[in-house]
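Each residue of the sequence shown is one higher than the last, beginning at 1 in full-length UniProt numbering. Virtual Cβ for every residue (Gly too), placed ideally from N, Cα, C. None of these values were measured; they are calculated from a predicted model. Reviewing the structure listed below.
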Amino acid sequence: MGHEVQRTAEVREDDQRGRHTTVAAELIALPGDAWLLDTPGLRAVTLWTSSDGIERAFPDVFGLAGSCKFRDCKHLDEPGCAVTVAIAAGTLPAVRLESMRRLVAEELNVEEEQTERERQEDRRGFRKIPKPQE
1 MGHEVQRTAE VREDDQRGRH TTVAAELIAL PGDAWLLDTP GLRAVTLWTS SDGIERAFPD
61 VFGLAGSCKF RDCKHLDEPG CAVTVAIAAG TLPAVRLESM RRLVAEELNV EEEQTERERQ
121 EDRRGFRKIP KPQE
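Encoded structure:
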């Protein structure tokens with residue numbers, strides 16, 4: 001950016017980790033229509049499941065996918081794939097498809113984790129049901 005946007009602390013030599021210096025979340029505009037979200041104390045940000053959100057984030061890919069020869073096209077090497085044709089022609093950057101695939105994989109992972117968590121909670125609840133007294 002060429003100038004200081006936010007105060008930072010030094011990085012420790014032994015483990016190359018920094019110290020929290022901010023106390024409130026802040027959204028910082030970066031050059032090139034990019035954004036940086038500073039979330040002090042938050043270690044990770046994950047997706048909530050929302051496949052329509054992914055469709056809205058990648059209208060170019062989903063628009064082309066509607067023109068594929070097969071409805072279940074994986075956009076890999078299937079004949080008649082409009083997405084791979086657009087990538088080969090240079091009208092769709094390959095990074096768009098790669099980014100979409102990463103988000104879809106992360107969404108599936110989140111769904112699997114939620115399903116497993118619900119299954120474990122159901123099992124715990126089942127164990128709490130008292131046995132009938134004889």
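#### Entry: Where the alpha helix (DSSP H) through Leu-76 begins and ends
Taken as a continuous stretch (DSSP letters only), Leu-76 belongs to no alpha helix (DSSP H), as it is neither H nor E.
### Query
Closest by CA to Thr-78, which one among Gly-90, Ala-65, Ala-89?
A quick correction: the sequence has Glu, not Thr, at residue 78. Out of Gly-90, Ala-65, Ala-89, Ala-65 has the C-alpha closest to the C-alpha of Glu-78.
### Message
Going by C-alpha to C-alpha distance, which of Leu-27, Glu-13, Arg-96, Thr-39 sits closest to His-20?
### Response
Thr-39
### Query
Since Ser-67 and Ala-82 are thought to touch, with beta carbons under 8 Å apart, how far apart are those beta carbons, to the nearest angstrom?
4 Å
### Task
Could you tell me whether the segment 23-40 touches the segment 56-64, using the rule of 3 or more Cβ pairs below 8 Å?
Counting C-beta pairs closer than 8 Å gives fewer than three between the segment 23-40 and the segment 56-64, which falls short of the contact rule.
### Rounded distance between the beta-carbons of Val-104 and Ile-54, thought under 8 Å
6 Å
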